[in-house]
Each structure stands twice: as structure tokens, then as C-alpha cells.
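**Student:**
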């Protein structure tokens, strides 16, 4: 136990990142920023949308790395910087200026717009930003768990009520609960996963996916992998856009690796909604389905959003609190199947929803805990009545696979050991990229 406590203390990180303390560390941070700039330049070369917030994020990281304080520049005003000395700094500074000219303010958050906030101002801001913004809002509001599932259930009730549609709807329900039960893994339909409509989903935040070349080289299409996405956030938009859908072409970065995002089992019994899930190749997050998928053939892999609804309840903007140590099943399965664990982190995932202040009241916490015990699902209490999340960049980074031995009957000590190794790998991934994408948030904390 003392060793375990020492291990936990060793991973304590500062709540805010520390500026570079040596020329070498500074150069490393500048190189990381340059890599992020190159990623946006690739997007620019395809003529695709880049949000001003993304470029401002990199500008703040550059200012921080060169000795300044992160600040948000006004549109059209060049930010003062520390003296640029190295070639890497000059290159990053020059490329950032070019990106700042290219970027548009269309994806700026409503929270940053003085005219937004509700009523006429909300409508005015929406109309002013144009019909493209309206489409993005419609896609994001409809195609999320809260509204999509509700609309599917509403449509089910409507068709059951209709005189001529009731028999067909009843037959469909019988099919869902009998012969129509999916056999996992289900092949992803790329035509659906890459449909043009999902670009609006991606560009709303926007959401990006970064898989460095050094990481890509570590994957073997003949093997299977267990991907783990953090943090859960409220809806896990980063996991949905990049791995359930394929709008950022993550499958091309990992050729031969078929990633099946796992979700709650009852979602596959919701009429109509289940059809969309099956088209993405999703599976239910049961141990049986995960094992079945990992044994299905070369490249068949799974992704689990590990924190679950319990982590969604504790998620807050500018925080990175994870529920991980109380999870043991993912390590047990990985050891028994002999598959690597792959850490995946979504920077900004927790920033797109705000929780109501009442959610932190002790009585509300007890109610939420009671609902979870009864239903198995913890329901977060969000601020406001809209289904729309805030427009904040979500940058998803895939880390290197953590190799695990194959152990048919792992002991608790072995599970604990490899879980700590995974936490180390996740912490290293977070620390590598926090100086680029997470300057304003607290450090990663495993709270449970």
C-alpha cells in the first residue's frame, strides 16, 4: 500500500503547465506547436474550414513557449511576442500569421459573442453567421444522444398510434428483439461514416484527429487493439466524430485497423436510432462483445469511452478529472486476449458543456447516485435548455500502443500493475500535448 500511495503521489502534476526552463525544453515545445500548425496547414491545403479559435489556441501556446503570457488577440490585431530567436520560432511565427489570415470567426463560440445568450440576440447571431452555421447547429442538435434517441422513441410512439402504421411498427419492434439482434462485430458502412453531412458535425466545434507518424508506425494491421478514449465529457463528441464516423479519415491513418466504438447495450433496442449505430460499426460495451470483436480477425479493434456516465457527471470545463482506477475490466480483457491498450485523449472534450450550479449540491448528488443505482446510468445536469454544446475546439490525439503480455487468469496484483502502467502512458500522452492544446485547464487527475 505505501508503494501504491507513492506511485499516486509521483503522478501529481501542476494544475497549470510550467513554461520551459531551458532552451532545449523551449525548442521541444516549439516543435510540438509546429507539428500542430502543419496539421492545420494540411486542412488549409484542402480548402476546408479552420476556426479562428483553433489558431488562437496555437498562438497562445506559442506565446507561452516563448516566455509571454497566453492571451486572446483581437481580430485583425497582431499580438506582441517575445523576441523570436531560433529558426523554429521564426517559422512558427510566420506560419501562424498566415493561418490567422486564413481562419474565419464563423466557429466562434456563442459564449464569446456579446449578442448571443438567448432570445433575439441568439437568433440574430445565428442568421448573421449564415445558413452554413444553421446546418451545423441542426446536425449537432439532432444527431446526439439526448435528442436523437428521444426523437426515435417519439417516432416509435407516433407510428404505433397510427392506424395503418401500427402493424408495421409492431413487426419492426418484434424483429428488433428477436431475429434482428445484431451479431458483433458489425462492419462499418463507409458511405454513411463519411457522408457529407458529418462535415457540419465536425466543423461545428471543430473536431480534429491527430495520429503522429511515429505512432502510426507502431500499429500492425494483422493485430487487434483495445483503444480507450478519455475524458468522457457529456457526449464524447471526439470519439463519435473520429471513430464512430470517419469524417477526419482516421481509418486512412491506421490502414487495416477497424475501430468499433462501444456503447450501451440498450441503444441497440431503440428503433431507428439503432440503424445509425449499426451503420457506424458500433458494438455494445459488454465484455462478451468486446472479446468477440477482438477475436473476429486481423485488425478488428474496439474503442471504449472508459469513464462512462459516472465521469460525465464530474466533467467540468477546464478540468481533466478521470474515473479510471476503479475500472479493472479493460485491463483484465486486454491481458486475457493479449492485445495492446491504446490511450486516446480528447483535449477540449470537457469544455463543450457547462453543468448547472445546482449539480454540485449534496442533495442533487445523492439523487444522481440513486438514479445510477436504479438505472445504471448517471445523468448530468446541464445548464440551460438548449441541446447545443458550446463551440470549442476538440483535438483528439492517439498515443502509442502499450504492449501487454497474454495472461489467461490474471491476478488482482497483475491487473493493478498494468492499470498503473496504462495510467503512466496516458499521463505521458497528456503532458506531451497539454502545452499545445490545454494551457488553461487543470492537470490530468485520476480521481477514482
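Residue numbers (our numbering): 2 to 449. Just so you know, even glycine gets a beta-carbon here, dropped at the ideal spot from N, CA and C. Keep in mind it's a predicted model, so treat the numbers as computed, not measured.
#1: If you run the structure through DSSP and keep just helix, strand and coil, what is residue 346?
#2: Suppose the cutoff is 6 Å on Cβ atoms and the five residues either side in sequence are ignored; what does the same chain contact list for residue 251 look like?
#3: List the endpoints of the continuous alpha helix (DSSP H) containing residue 36.
#4: Which word fits residue 412, buried or exposed, when buried means at least 16 other C-beta atoms lie within 10 angstroms of its C-beta?
#5: Could you say which of 325, 334, 309 and 278 lies nearest to residue 294 if we only look at CA atoms?
#6: Spatial neighbours of residue 256 within its chain, please: C-beta separation below 7 Å, excluding the five flanking residues on both sides.
#7: Is residue 106 buried or exposed, if buried means 16 or more other CB atoms sit within 10 Å of its CB?
#8: Classify residue 248: buried if its beta carbon has 16 or more other beta carbons within 10 angstroms, exposed otherwise.
#9: Need the endpoints of the alpha helix (DSSP H) that residue 102 sits in, please.
#10: Please state whether DSSP places residue 217 in a helix, a strand or coil.
#11: Between which residues of its own chain and residue 59 is the CB-CB distance below 8 Å, once the five residues before and five after are set aside?
#12: For residue 228 and residue 260, which I take to be in contact (beta-carbon distance under 8 Å), what is that distance rounded to the nearest angstrom?
#13: Over what stretch of residues does the alpha helix (DSSP H) that includes residue 1 continue unbroken?
#14: In angstroms with no decimal places, state the Cα-to-Cα distance between residue 391 and residue 165.
#15: DSSP puts residue 337 in a beta bridge; with which residues?
#16: So is residue 402 buried or exposed if we call it buried at 16+ other beta carbons inside 10 Å?
#17: Is the region 194-204 touching the region 132-151 in the sense that three or more CB pairs, one from each, lie closer than 8 Å?
#18: In whole angstroms, what is the alpha-carbon distance linking residue 170 and residue 63?
#19: Taking its Cβ as the centre, do 16 or more other Cβ atoms sit within 10 Å of residue 162, making it buried, or is it exposed?
#20: So the candidates are 435, 340 and 352; which of them puts its Cα closest to the Cα of residue 404?
#21: List the endpoints of the continuous beta strand (DSSP E) containing residue 141.
#22: Can you find the residues in the same chain that come closer than 6 Å, C-beta to C-beta, to residue 348, ignoring five residues on each side of it along the sequence?
#23: Excluding the 5 residues preceding and the 5 following residue 275 in the sequence, name in chain order all residues of the same chain whose CB lies nearer than 6 Å to its CB.
#24: Below 9 Å between beta carbons: does that hold for residue 316 and residue 351?
**Tutor:** In terms of the structure at hand:
#1: The answer is strand: DSSP assigns residue 346 an E or B state.
#2: Cβ neighbours of residue 251 beyond the five flanking positions: 210 and 243.
#3: Per DSSP, residue 36 belongs to the alpha helix (DSSP H) from 24-46.
#4: Note on residue 412: under 16 other CB atoms within 10 angstroms of its CB, so exposed under the neighbour-count rule.
#5: Answer by Cα proximity: 334.
#6: These residues qualify, in order along the chain: 222.
#7: Annotation note: pLDDT 48 at residue 106 (below 50); position unreliable, coordinate value reported separately. Label assigned to residue 106: exposed.
#8: Its Cβ being crowded by 16 or more others within 10 Å, residue 248 is buried.
#9: Note, residue 102: alpha helix (DSSP H), 88-103.
#10: Reduced to three states, the DSSP call for residue 217 is helix.
#11: Cβ neighbours of residue 59 beyond the five flanking positions: 34, 37, 38, 41, 97, 100 and 437.
#12: In this structure, residue 228 and residue 260 form a Cβ contact; the two beta carbons are roughly 6 Å apart against a cut-off of 8 Å.
#13: As displayed, the chain neither begins before 2 nor continues past 449, which places residue 1 out of reach and without an answer.
#14: Roughly 42 Å separates the two Cα atoms.
#15: Its beta-bridge partners do not exist; DSSP assigns none.
#16: With 16 or more Cβ atoms within 10 Å of its Cβ, residue 402 is classed as buried.
#17: With a cut-off of 8 Å, the region 194-204 and the region 132-151 count as touching, because enough Cβ pairs lie within range.
#18: Looking at the backbone, the Cα of residue 170 and that of residue 63 are separated by about 57 Å.
#19: Counting of Cβ neighbours within 10 angstroms places residue 162 among the exposed residues, the total staying below 16.
#20: Considering only alpha carbons, the answer is 340.
#21: Bounds of any beta strand (DSSP E) do not take in residue 141; it lies within the alpha helix (DSSP H) bounded by 132-143.
#22: Close CB contacts of residue 348 within its chain, under the 6 Å cut and outside five residues either way in sequence, are with 396, 438 and 439 (chain order).
#23: The residues are 269.
#24: Taking the C-beta atoms as reference points, residue 351 is found nearer than 9 Å to residue 316.
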